Every structure is written in C-alpha cells, then in structure tokens.
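Just so we're aligned, residue 2 is where the sequence shown starts under my numbering, counting upward by one. Think of the CB as a built atom: it goes at the ideal place given N, C-alpha and C, for glycine as much as any other residue. Because the structure is a prediction, the values reported are computed rather than measured. Take a look at the structure set out below.
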Amino acid sequence: MAPAQQASRREDLSSHDAPRPLAARRSGPLKGRLRVPGDKSISHRAFIFGLLAVGETRIEGLLEGDDVLRTGAACRALGAAIERTGEGAWLVRGAGLGSLLAPRETLDFGNAGTGSRLMMGVVGGHPITARFDGDASLRKRPMRRILD
C-alpha cells in the first residue's frame with residue numbers, strides 16, 4: 002500500500018461520526034412463559050445436597066447435561082435414591098450426612114471436572130473407599146490439590 006493510501010486509511014479508521022441518540026417506542030405488555038435453562042454448577046450441588054440430606058429433596062430446573070447426570074449417578078452409587086419426575090425435575094432421597102455407602106463400582110464422571118472435584122470432597126469426609134475415574138480429558142486435569 003502506498004504511503005498516501007496508508008495515511009488516508011488511518012484517517013478513515015480514526016475518524017467516526019458522533020453517536021446519535023436512538024428513540025425507543027413504547028410497546029404493549031409482554032405475555033408468555035420463559036424457561037431459563039438450569040445452571041450446571043448449581044445442578045451438581047443440588048444433587049450432592051440431596052445425597053447428604055435426610056429425607057426428600059425436590060429439585061426443579063436441573064440442567065440435565067451429561068456432566069450433571071454423572072454426578073447424579075455417583076450420588077445414586079453412594080446411597081441416594083434418585084428419580085426423574087419431569088423435565089428438569091428430580092426427587093432425591095438422601096443417604097444423609099455420615100451415612101454414605103461405599104460404591105460397588107468405580108464412580109465414572111466422564112468429563113465432569115466440577116462433579117468429580119466436589120464429590121471427592123464429600124467422599125473424603127466419610128469412612129468409605131471410592132474409586133474415581135473419567136474420560137481421557139478429565140484424567141489429564143490437575144487433581145492433586147483436591148487430594149492433598
């Protein structure tokens with residue numbers, strides 16, 4: 002690009018029109034329903050709190066992604082009874098704090114880093130042994146800080 006063209010281009014990039022105010026028009030009332038998707042981090046914790054509670058925990062708005070469902074499966078393996086009652090709605094009958102069962106199988110978290118780390122903390126406070134695993138990606142993530 003020739004020097005004159007470069008100078009002209011710099012001027013084009015550095016100059017801009019002053020902002021113009023925009024006018025909004027009043028609309029009629031809004032009607033309808035909106036379903037906001039659940040939050041993954043809160044959904045993991047909802048299952049875990051249900052596991053640790055005594056009695057029934059009803060969860061609504063759970064994000065039903067693979068990561069969260071693997072946390073639910075781990076809670077089931079540790080003694081919770083878990084039932085899906087509708088879209089995003091779950092019923093958890095907890096084992097209760099201090100009453101977790103040692104799982105018969107490895108707790109497979111797939112790629113759920115949040116679920117596996119939270120559950121390591123839960124299991125670490127109970128007199129049980131559990132084996133944790135995940136997919137190749139999860140196995141590469143740092144876990145030493147959780148285990149120490």
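- Between the C-alpha atoms of L108 and A24 there is a straight-line separation of about 57 Å.
- Contact check for F50 against T72 fails: the beta carbons are separated by 8 Å or more.
- A distance of 8 Å or more separates the beta carbons of V69 and A81.
- Where I129 is concerned, there is no enclosing alpha helix (DSSP H), because DSSP gives it neither an H nor an E.
- Residue pairing for A90: DSSP places it in a beta bridge opposite E61 and G87.
- For the options A96, G122, K141 and V124, the alpha carbon positioned closest to that of L53 is the one of A96.
- If you keep only unbroken beta strand (DSSP E) runs of at least 3 residues inside the stretch 89-120, you get 90-96.
- The stretch 56-65 and the stretch 19-34 do not touch, with fewer than three beta-carbon pairs separated by less than 8 Å.
- Straight across, the Cα-Cα distance linking I83 with L102 is about 15 Å.
- In the displayed model, D67 falls within a helix according to three-state DSSP.
- Shown here for L98: same chain residues with a beta carbon closer than 6 Å to its own, the five before and five after excluded, namely L53 in chain order.
- With a beta-carbon spacing of about 6 Å, E106 and A78 fall inside the 8 Å limit used to define contacts.
- In this chain, the alpha helix (DSSP H) harbouring A47 covers K41 to L53.
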